[in-house]
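Protein chains in written order, with numbering that gives the first Met the number 0: chain A, 0 to 155; chain B, 0 to 100. All residues carry an ideal CB built from backbone N, CA and C; glycine is no exception. Given the structure is predicted, the values throughout are model-derived calculations rather than measurements. I have placed the structure first, in the form of structure tokens, so that the comments after it can refer back to it.
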Amino acid sequence: MNRNARILAVDDDENIRKVIVAILEDEGYTVESVGTAKEAIEKSKRKFYNLALIDIRLPDMEGIQLLTKFKETTPRMRKVIITGYPTLQNAVDAVNKGADAYIVKPFDVKKVLKTIQEQLSKQQTEKEYSQERVAEFIEARVRELDMEKEASHSSN
Amino acid sequence: MLAAIEEGLSSLGDSPKDAIFYHLESSFQLKKEDIPSNLTQFKQALERIFGPGAPYLEKAITKSLYGKLGLDFKDEKTNDFIDSAHDARRRIKPAGEVKIE
């Protein structure tokens, strides 16, 4: 479990932001919060966040739209949509636009924490998998170079 | 310098970094501790392994080196790893005889 993870909470309701920050900081996460999509985009350009909790309704942009932006700028960040208005259409849109999970308000703290842990764990697995792929590439490439070297030695 | 190289290669992750050091020694006869005094050989090995991707790693190493030395890093397309290391050495030396190793 990645307790050093950095989380960005995006919600226009200050009280909700305070609650999210308090709960997650208690769990050992580093949490920052913003009230608008614009601030969220700016922050994500300056720093890497492992996960963003995004309210579906933001004052300057729909949360779903913000997902699309994040997908372009920070594809490795896990994106969790929060909604107080759970509809099937919302859920389908969120997933289609790149949400990794969906949380319904009012919060069930245990469920929120479980969702976050699951997403961070998936992120870690993906990271390890891609590192393994790079290591395999290096291995294969060096073997290729060794073979080239041997071939040129034997032809000389 | 070696710490900057480790940090730069870590941008790929720990296992790729370890794989690079392992193959530098086994296939390029370049031991980790000898890299700072053989930067040209190191650069050539990276270019052989990664091809057009090598400058990305060189830039990551240079950025880390400059950060460690408190120097401003300007991200330019023309950044050359060896030139940047020499530039850092030149800029640091008069101030406090810091050895880039």
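Two segments are said to touch when three or more pairs of C-beta atoms, one from each, lie closer than 8 Å; by this definition the segment 48-67 of chain B touches the segment 136-144 of chain A.
Between the C-alpha atoms of T61 (chain B) and K42 (chain A) there is a straight-line separation of about 25 Å. Neighbourhood of Q130 (chain A) in chain B, by CB distance below 8 Å: L11, G12, D13, S14, P15, in chain order. Distance from the CA atom of N49 (chain A) to the CA atom of E127 (chain A), rounded to whole angstroms, is 14 Å. For the pair of segments examined, the segment 12-21 of chain B was found to touch the segment 113-133 of chain A: the number of CB pairs separated by less than 8 Å reaches three.
Listed by position along chain A, the residues whose Cβ is nearer than 8 Å to that of I19 (chain B) are I137. If the five residues before and after D92 (chain A) are omitted, its C-beta is found closer than 8 Å to the C-beta atoms of I63, all from its own chain and listed in chain order.
Along the segment 62-81 of chain A, there is no position whose C-beta sits under 7 Å from a C-beta of chain B. In this structure, A44 (chain B) places its C-beta atom within 8 Å of the C-beta atom of L23 (chain B).
T73 (chain A) counts as buried, since at least 16 other C-beta atoms from the protein chains shown sit within 10 angstroms of its C-beta. According to the DSSP assignment, A8 (chain A) belongs to no alpha helix (DSSP H) but to the beta strand (DSSP E) extending over 5-9. Chain order gives the chain A residues near H22 (chain B) as I137, E138, V141, where near means a beta carbon separation below 8 Å. Comparing alpha carbon positions, the residue from A:R16, A:D145, A:R75, A:N3 closest to L57 (chain A) is A:R16. Judged by beta-carbon spacing, L52 (chain A) lies beyond the 8 Å limit of I22 (chain A), meaning their Cβ atoms are not closer than that value. Here I91 (chain B) is not near L38 (chain B), since their CB atoms are 8 Å or more apart. A residue is called buried once 16 or more other Cβ atoms fall within 10 Å of its Cβ, and D25 (chain A), having fewer, is exposed. Assignment of R56 (chain A) by DSSP, reduced to helix, strand and coil, places it in the strand class.
The Cβ of L144 (chain A) sits closer than 8 Å to at least one Cβ of chain B. Listed along the chain, the chain A residues whose CB falls inside 7 Å of the CB of S26 (chain B) are V141, L144, D145.
Within the segment 26-50 of chain B, S26, R47, I48 place their CB atoms closer than 7 Å to a CB of chain A, listed in sequence order.
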